[in-house]
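Student: Per our numbering, the very first residue in the first sequence carries number 24; after that it's consecutive.
Here a beta-carbon is modelled for each residue, glycine too, at the ideal position from N, C-alpha and C.
None of the values given here were measured: they were computed from a predicted structure.
Here it is, the structure, as structure tokens.
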Amino acid sequence: MAEEFVKEITPRAEDYSQWYVDCVLKAELADYAPVRGCMVIRPYGFAVWEKIQAILDRRFKETGHENAYFPLFIPRGFLERESEHVEGFAPELAWVTRGGGEELAEPLAVRPTSETMICSMYAKWIHSYRDLPVLINQWCNVVRWEKATRPFLRTTEFLWQEGHTAHAREEEAREEALRMLEIYRDFLEEDLGIPVIAGEKTPSEKFAGAAHSYSVEALMGDGRALQAGTSHDLGQNFSRPFDISFLDRDGQLKHVWQSSWGVSTRLIGALIMVHGDDRGLVLPPRIAPVPAVLVPIAPERAREAVLGRARQLAAALEGVHLDDRDEYTPGWKYNDWEMRGVPLRIELGPRDLEQGKAVLVRRDTGEKVPVDQEALPRAMAQMSSAVQAGIKERARNFLQERTWPVDNLDQLRFRLEERRGMFIAGWCGDDACEAAVKEATGATARNIPFAPAARSAACVVCGKAAAHTVYYARAY
RNA sequence: CGGGUGGUAGCGCAGUUUGGUAGCGCACAGCGUUCGGGACGCUGGGGUCGCAGGUUCAAAUCCUGUCCACCCGACCA
């Protein structure tokens, strides 16, 4: 795929950010809205989100969760109850102060996340250990008044899911947080083909109000890290101020233990940056809204024969979109669908017709294979699996190639100046050393991996014995 | 939120220095020829020059303000 066919998209090497924006706009995933920092998710982009939703929603339900919906507006008082939470979110809240033409007695925040609203309801609903656990998920939009926005990666309003659970025991909440992180990890790797590093956030990077935060971190094509999903063990940090208590078996009144976890439309940004190439998107077959496109090559002499057979095939084959637009040439269509990341393409022309064949083409490698028309279902299934596995493998290799252990700050700095990527380093556990890395290199602690690829003996900053191994990276 | 760049037709741009009836390529529409990696010809439609003020006989062009986007930094899914 070295040749340059698409002129619509800026090559990655020339300007990675522009390439990303070109992909978003030209593939018609999203467009800028007339409101600062907001985007419109267009049908093709929303179809990707619906695929993501469908898979995750099923997995949430398989693990006992139910969907519900809570209000968009959050009374000011709610947010103020958990001091760390309000401090963390205060700078990015949008407030409603008027309604129905009158000043509101109490301003309402547009939810940046729903912990407080949901907790207020849990306090009403939970009375006994028999009411537990409560396992609820919500698909919704949230608003955070971000200073710098980019389509999908960081927008003022975005779509996500937020799971909120309440448990009788501390370990249960912790286990839940880890269980859901594992679902995210598996989903990212197997369905999106995005390898991630699962681990725990450092205290300074954890969610405002959490006892422990966990994350899955992915590496984008430009070597910058992206937090792809988070899961929090909230401890009793919310159940105490919101007084969510239950009478336990032993007759004692206790506060529940909670978790919350979420992924957002940011995942679409990750898909673009992990798999995309200079021709545009490369979508994993499992979430591609259009799994395959059939492009007929229909010169005048064979027009009806080709189109007729193309219609038959498209109708018989599952997930095949027939592009029989008369106004575009086959070459134009190839480029168009490649830009949109469609995993497989079937070309059908007069020559194929004579031989009872079709040409099957892979989006990720460009490989073209002539296939007997009768054998298409099997060949497509095979090639589809090959694409799914191929892009995952490629992404995994990229992550490995771009991960380096470092022993000291200078090494980290020099390496990072050369090339962006993930850096494995020791950490003594002191906030000051973590801050020093950021100060000196711009890289932040992504997480403390559950399964580090390498171990470090000494803190990368102070040289004292390392209590943890940390992944550092410049992040989105 | 700081520093930088930019906003002229759907997209990409020229025109702004030196004020004087808004242009090019692609896209779009009609007709014809075409179809194995972004086809071609002819004809045609489309712009209150981001927005609001100001200067001037006259503003895309000069002045002030403002909005938006992009890039680089500080904060976040």
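Go ahead and label P322 buried or exposed: buried means 16 or more other beta carbons lie within 10 angstroms of its beta carbon, across all protein chains shown.
Tutor: To locate residue 322, count along the first sequence from 1; it is residue 299. Exposed: under 16 other Cβ atoms inside 10 Å.
Student: By the three-class DSSP mapping on this structure, what secondary structure does R469 have?
Tutor: Indexing the first sequence from 1 puts residue 469 at position 446. DSSP places R469 in strand when its eight states are reduced to three.
Student: Using DSSP's beta-bridge definition, name the partner residues of P319.
Tutor: Against the first sequence, residue 319 aligns to sequence position 296. According to DSSP, which records beta bridges pairwise, P319 is partnered with L371.
Student: Can you find the residues in the same chain that come closer than 6 Å, C-beta to C-beta, to H108, ignoring five residues on each side of it along the sequence?
Tutor: Numbered from its first residue, the first sequence carries residue 108 at position 85. Excluding sequence neighbours, H108 sits near A231, G232.
Student: Three or more C-beta pairs closer than 8 Å, one from the region 431-444 and one from the region 333-350: is that the case here?
Tutor: Because the criterion of three Cβ pairs below 8 Å is not met, the region 431-444 and the region 333-350 do not touch.
Student: Among the residues of its own chain, which have a CB less than 8 Å from the CB of S151, if the five just before and after it don't count?
Tutor: Stepping through the first sequence from its first residue, residue 151 is reached at position 128. If we look at S151 and ignore the five residues flanking it on each side, its Cβ neighbours are F269, L270.
Student: Do E370 and V318 have their beta-carbon atoms positioned less than 7 Å apart in this structure?
Tutor: Here residue 318 refers to the residue found at position 295 of the first sequence. Here residue 370 refers to the residue found at position 347 of the first sequence. Closer than 7 Å, so yes.
Student: Taking all protein chains shown into account, do 16 or more other C-beta atoms lie within 10 angstroms of the C-beta of R134, making it buried, or fewer, making it exposed?
Tutor: Here residue 134 refers to the residue found at position 111 when the first sequence is read from its first residue. R134 should be labelled buried.
Student: Classify Q250 as buried or exposed, calling it buried when 16 or more other Cβ atoms lie within 10 Å of its own Cβ.
Tutor: Your numbering for residue 250 matches position 227 in the first sequence. Looking at its Cβ environment, which holds 16 or more other Cβ atoms inside 10 Å, Q250 is buried.
Student: Around the Cβ of L276, are there at least 16 other Cβ atoms within 10 angstroms (buried) or fewer (exposed)?
Tutor: In the first sequence, the residue the question calls residue 276 occupies position 253. Exposed: under 16 other Cβ atoms inside 10 Å.
Student: Which runs of the beta strand (DSSP E) at least 3 residues long sit entirely within the region 170-230? Give them in chain order.
Tutor: List check, beta strand (DSSP E) in window: 180-190, 220-223.
Student: In the DSSP assignment, the beta strand (DSSP E) including S238 goes from what residue to what residue?
Tutor: Taking the first residue of the first sequence as position 1, residue 238 is located at position 215. Counting along the chain, the beta strand (DSSP E) containing S238 begins and ends at 235-242.
Student: Rounded to whole angstroms, what is the Cα-Cα separation between C482 and A132?
Tutor: Residue numbering aside, residue 482 sits at position 459 when the first sequence is read from its first letter. Residue numbering aside, residue 132 sits at position 109 when the first sequence is read from its first letter. Distance between the alpha carbons of C482 and A132 is about 42 Å.
Student: Give a yes or no on contact between the region 289-296 and the region 167-187, applying the rule of three or more CB pairs nearer than 8 Å.
Tutor: Because the criterion of three Cβ pairs below 8 Å is met, the region 289-296 and the region 167-187 touch.
Student: What does DSSP give as the partner residues of Y494 in its beta bridges?
Tutor: Position 471 of the first sequence holds residue 494. Beta-bridge pairing links Y494 to I447, N470.
Student: Can you tell me the Cα-Cα spacing of A25 and E424, whole angstroms?
Tutor: Here the question's residue 25 lines up with position 2 in the first sequence. Here the question's residue 424 lines up with position 401 in the first sequence. The pLDDT assigned to A25 is 39, lower than 50, so where the model puts this residue is not dependable, and the model offers no usable value.
Student: Can you tell me whether DSSP reads H298 as helix, strand or coil?
Tutor: In the first sequence, counting from the first residue as 1, residue 298 sits at position 275. The answer is helix: DSSP assigns H298 an H, G or I state.
Student: So the candidates are G244, W280, G452, R363; which of them puts its Cα closest to the Cα of A234?
Tutor: Position 211 of the first sequence, counted from the start, is the residue given in the question as residue 234. The candidate whose alpha carbon is nearest that of A234 is W280.
Student: In terms of residues, what are the limits of the beta strand (DSSP E) holding H344?
Tutor: Position 321 of the first sequence, counted from the first residue, corresponds to residue 344. Taken as a continuous stretch (DSSP letters only), the beta strand (DSSP E) holding H344 covers 343-345.
Student: How many angstroms separate the CA atom of C61 from the CA atom of F181?
Tutor: Numbered from 1 along the first sequence, position 38 holds the residue referred to as residue 61. Numbered from 1 along the first sequence, position 158 holds the residue referred to as residue 181. Going by the C-alpha atoms only, they are around 8 Å apart.
Student: At which residues does the alpha helix (DSSP H) containing R81 begin and terminate?
Tutor: The count along the first sequence starts at 1 and reaches residue 81 at position 58. Looking at the DSSP string, the run of the alpha helix (DSSP H) that includes R81 is 66-85.
Student: Tell me whether the region 304-320 and the region 366-386 touch, counting them as touching only if at least three CB pairs, one residue from each stretch, are closer than 8 Å.
Tutor: With a cut-off of 8 Å, the region 366-386 and the region 304-320 count as touching, because enough Cβ pairs lie within range.
Student: Using the Cα positions of L502 and Q378, report the straight-line distance between them to the nearest angstrom.
Tutor: Nothing in the structure corresponds to residue 502, since the chain is present only between 24 and 499.
Student: For a test of the three-state rule: what should DSSP assign to I159, helix, strand or coil?
Tutor: Locating residue 159 in the first sequence gives position 136, counting from the first residue. In the structure shown, I159 sits in a strand (DSSP, three-state: E or B).
Student: Would L304 and G364 be called neighbours here (beta carbons separated by less than 7 Å)?
Tutor: Residue 304 sits at position 281 when you count from the first residue of the first sequence. Residue 364 sits at position 341 when you count from the first residue of the first sequence. The answer is yes: Cβ separation under 7 Å.
Student: Could you check whether the region 486-494 touches the region 452-471, counting it as contact only if at least three pairs of C-beta atoms, one from each stretch, sit closer than 8 Å?
Tutor: Short answer: they touch.
Student: Are P393 and V382 close, meaning C-beta to C-beta below 7 Å?
Tutor: The residue labelled residue 393 in the question sits at position 370 within the first sequence. The residue labelled residue 382 in the question sits at position 359 within the first sequence. Result yes, Cβ atoms of P393 and V382 sit closer than 7 Å.
Student: Measuring straight from C-alpha to C-alpha, what distance separates D395 and K380?
Tutor: Numbered from its first residue, the first sequence carries residue 395 at position 372. Numbered from its first residue, the first sequence carries residue 380 at position 357. Taking the straight line from one Cα to the other gives about 4 Å.
Student: If I measure Cβ to Cβ from K224 and keep anything under 7 Å in the same chain, skipping five residues before and after, which residues do I get?
Tutor: Against the first sequence, residue 224 aligns to sequence position 201. Within the same chain, K224 has close Cβ partners S236, Y237, S238, N470.
Student: Which same chain residues, not among the five before or five after T426, have their C-beta less than 7 Å away from its C-beta?
Tutor: One-based indexing of the first sequence puts residue 426 at position 403. Excluding residues within five positions, the ones whose Cβ falls inside 7 Å are G444, M445, I447, A476.
Student: Near Q411, what residues of its chain come up, given a Cβ to Cβ distance below 7 Å and the 5 sequence neighbours on each side ignored?
Tutor: Translated into positions along the first sequence, residue 411 becomes position 388. The residues are G216, P307, P308, R309.
Student: Between which residues of its own chain and A36 is the CB-CB distance below 6 Å, once the five residues before and five after are set aside?
Tutor: For the purposes of this step, residue 36 is taken as the residue at position 13 of the first sequence. Counting only Cβ-Cβ distances below 6 Å, and skipping sequence neighbours, we find nothing.
Student: For the beta strand (DSSP E) containing E125, name the first residue and the last one.
Tutor: The residue given as residue 125 occupies position 102 in the first sequence. Note, E125: beta strand (DSSP E), 125-133.
Student: Give the straight-line distance between the Cα atoms of R272 and A339, rounded to the nearest whole angstrom.
Tutor: Taking the first sequence and counting its residues from 1, the one referred to as residue 272 is at position 249. Taking the first sequence and counting its residues from 1, the one referred to as residue 339 is at position 316. Their Cα atoms are separated by approximately 60 Å.
Student: Give a yes or no on whether the C-beta atoms belonging to A200 and S262 are separated by under 7 Å.
Tutor: Residue mapping note: residue 200 aligns to position 177 of the first sequence, counting from 1. Residue mapping note: residue 262 aligns to position 239 of the first sequence, counting from 1. Going by C-beta atoms, A200 is not nearer than 7 Å to S262.
Student: Decide if the region 241-258 is in contact with the region 450-464; the criterion is three or more beta carbon pairs, one per stretch, under 8 Å apart.
Tutor: Segments in contact, no.
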